[in-house]
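If you read the sequences in order, they're chains H and X. According to this note's numbering, the residues represented by the first sequence are 1 to 163, in order. According to this note's numbering, the residues represented by the second sequence are 1001 to 1163, in order.
Protein chains: 2
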Amino acid sequence: MMSSTLRIKPPAPQVVNEQLAQADALCRERGSNLTPLRRQVLELVIRQGRPVGAYDLLDSLRTQGRGSSPPTVYRALEFLQQEGLVHRLPAQNTYMACSHPHHHHRGLIFTCSRCGQALELETPDLFGMLEDYARPHGFEISDDSLEISGVCPFCQEASRDAR
Amino acid sequence: MMSSTLRIKPPAPQVVNEQLAQADALCRERGSNLTPLRRQVLELVIRQGRPVGAYDLLDSLRTQGRGSSPPTVYRALEFLQQEGLVHRLPAQNTYMACSHPHHHHRGLIFTCSRCGQALELETPDLFGMLEDYARPHGFEISDDSLEISGVCPFCQEASRDAR
DNA sequence: TCATGTAATGTTATAGTATTACATTACGTT
DNA sequence: AACGTAATGTAATACTATAACATTACATGA
Chain H
1 MMSSTLRIKP
11 PAPQVVNEQL
21 AQADALCRER
31 GSNLTPLRRQ
41 VLELVIRQGR
51 PVGAYDLLDS
61 LRTQGRGSSP
71 PTVYRALEFL
81 QQEGLVHRLP
91 AQNTYMACSH
101 PHHHHRGLIF
111 TCSRCGQALE
121 LETPDLFGML
131 EDYARPHGFE
141 ISDDSLEISG
151 VCPFCQEASR
161 DAR
Chain X
1001 MMSSTLRIKP
1011 PAPQVVNEQL
1021 AQADALCRER
1031 GSNLTPLRRQ
1041 VLELVIRQGR
1051 PVGAYDLLDS
1061 LRTQGRGSSP
1071 PTVYRALEFL
1081 QQEGLVHRLP
1091 AQNTYMACSH
1101 PHHHHRGLIF
1111 TCSRCGQALE
1121 LETPDLFGML
1131 EDYARPHGFE
1141 ISDDSLEISG
1151 VCPFCQEASR
1161 DAR
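Given below as structure tokens:
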């Protein structure tokens, strides 16, 4: 993972707390169990403000005094994904907080292959189109987000500067 | 990887040969170097008729008497991807032959999370829409295919039967 | 011819990502 | 108290991918 960017700041503590409160509310409504451990992992993901690798999360957990091993973080991430609180980005093997867990919009996520930064969009037409393509083949979509890789504007600029 | 399906047969030898001939032609045109090793890997991918893992390819290479190690197959796959002959499916860590390497259409690939089977479609509108979403954010798309996970009709049926 | 440069491949080791399997704990219900 | 279930702890291992360096093959020009 070890790539980083200074361009995007981590969210302000207040924003983090809002997102956590929203997660609390959602899970309470649904009767799902946002345990302290799961909540702690979610907080780490949210604070990051960008996609983060599972083993980075594991390091953070250890720093925070949790006796942790890979299954700890993978299980928490699995739960958080089921609840729609976290997206997995398969092309980068990373995880990021969902930016609108309250609606059930399925989103599009652009990830930069240079710096790893990600941008989640609400794309009202996209999944409808995908369903239209899928239907005639009897295929049932289960992904709730779609990752597409490319180059973010900052890294494009960096390329130009290098030349 | 080790999942399998009997529903989709591997392509007939004749089809395999056509696809290989097409790859030969494409690379000749472009002046790119489809070496025996790369061609052998491509053939393995094509014969499979479905997504394959890199280490499965490695095993096959060894069976065929190539003294091979991971970099061998990963390097070949990298070349084949650059040439648009093979797609990587990040959600499954697999590789599959592109079904239309001659046009430069960027395609949509449905993958079944149960059986691993994949279906590549030509989707005339899709990447245009994605570009439209990306443009206002200055994001430049580099993926040439989009993987989306779900459940194929056969596995849906299997689920119903199980109940 | 033969030096030299470059692309491709070989080889060893290691890094990075994820899961299996089994033990333990916490806690609610009978 | 006994039991069942969900969650977590722990050790081991499987799976995926890359780094680093050596070697080979072959084209080109001195």
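Built from N, CA and C at the ideal position, the CB exists for glycine as well.
Residue i in three-state terms, based on DSSP
| i | result |
| --- | --- |
| X:Gly1128 | helix |
| X:Thr1063 | helix |
| X:Ser1069 | coil |
| X:His992 | As shown, chain X starts at 1001 and ends at 1163. That puts residue 992 of chain X outside it, with no answer to give. |
| H:Ala12 | coil |
| X:Ser1149 | strand |
| X:Leu1044 | helix |
| H:Glu122 | coil |
| X:Leu1034 | coil |
| H:Cys27 | helix |
| X:Met1001 | With a pLDDT of 48 at X:Met1001, under the threshold of 50, the predicted position of this residue should be treated as unreliable, though the coordinate-derived value follows. DSSP places X:Met1001 in coil when its eight states are reduced to three. |
| X:Phe1139 | coil |
| X:Cys1098 | coil |
| H:Cys115 | coil |
| X:Cys1155 | helix |
Buried/exposed call for residue i, threshold 16 Cβ in 10 Å
| i | result |
| --- | --- |
| H:Val73 | buried |
| X:Ala1076 | buried |
| X:Ala1134 | buried |
| X:Ala1097 | buried |
| X:Gly1150 | buried |
| H:Arg38 | buried |
| H:Arg88 | buried |
| X:Thr1063 | exposed |
| H:Val45 | buried |
| X:Glu1131 | exposed |
| X:Pro1101 | buried |
| X:Ala1162 | exposed |
| X:Ser1142 | exposed |
| X:Glu1120 | buried |
| X:Met1001 | In this prediction, X:Met1001 has a pLDDT of 48, which is less than 50 and means its spatial position is unreliable; what the coordinates show is noted afterwards. By the 10 Å Cβ count, X:Met1001 comes out exposed. |
| X:Val1015 | exposed |
| H:Ser60 | buried |
| X:Gly1138 | exposed |
| X:Met1012 | For clarity, residue 1012 of chain X is Ala in the given sequence; the question names Met instead. Label assigned to X:Ala1012: exposed. |
| X:Gln1019 | buried |
| X:Ala1023 | buried |
| H:Gly31 | exposed |
| X:Gln1092 | buried |
Interface flag, residue i vs chain X, CB-CB below 7 Å
| i | result |
| --- | --- |
| H:Ile141 | yes |
| H:Thr111 | no |
| H:Leu80 | no |
| H:Tyr133 | yes |
| H:Thr94 | no |
| H:Ala91 | yes |
| H:Leu121 | yes |
| H:Ser3 | With a pLDDT of 48 at H:Ser3, under the threshold of 50, the modelled position of that residue is not reliable, and the figure given next carries that caveat. Not an interface residue. |
Below-7 Å beta-carbon distance, residue i vs any chain H residue
| i | result |
| --- | --- |
| X:Pro1136 | no |
| X:Pro1051 | no |
| X:Leu1077 | no |
| X:Pro1124 | no |
Heavy atom of the ligand GDP within 6 Å of residue i beta-carbon
| i | result |
| --- | --- |
| H:Cys98 | This structure lacks the ligand GDP; in fact it carries no ligand of any kind. |
| Contacting positions in the region 1149-1161 of chain X - beta carbon closer than 7 Å to chain H | Ser1149, Gly1150, Val1151, Cys1152, Pro1153 and Gln1156
| query | Can you find at least 3 beta carbon pairs, one from the region 18-34 of chain H and one from the region 64-73 of chain H, that sit closer than 8 Å? | reply | no
| request: Could you tell me whether the region 112-125 of chain H touches the region 43-57 of chain H, using the rule of 3 or more Cβ pairs below 8 Å? | output: yes
| Along the region 1040-1066 of chain X, what residues have a CB closer than 8 Å to any CB found in chain H? | none
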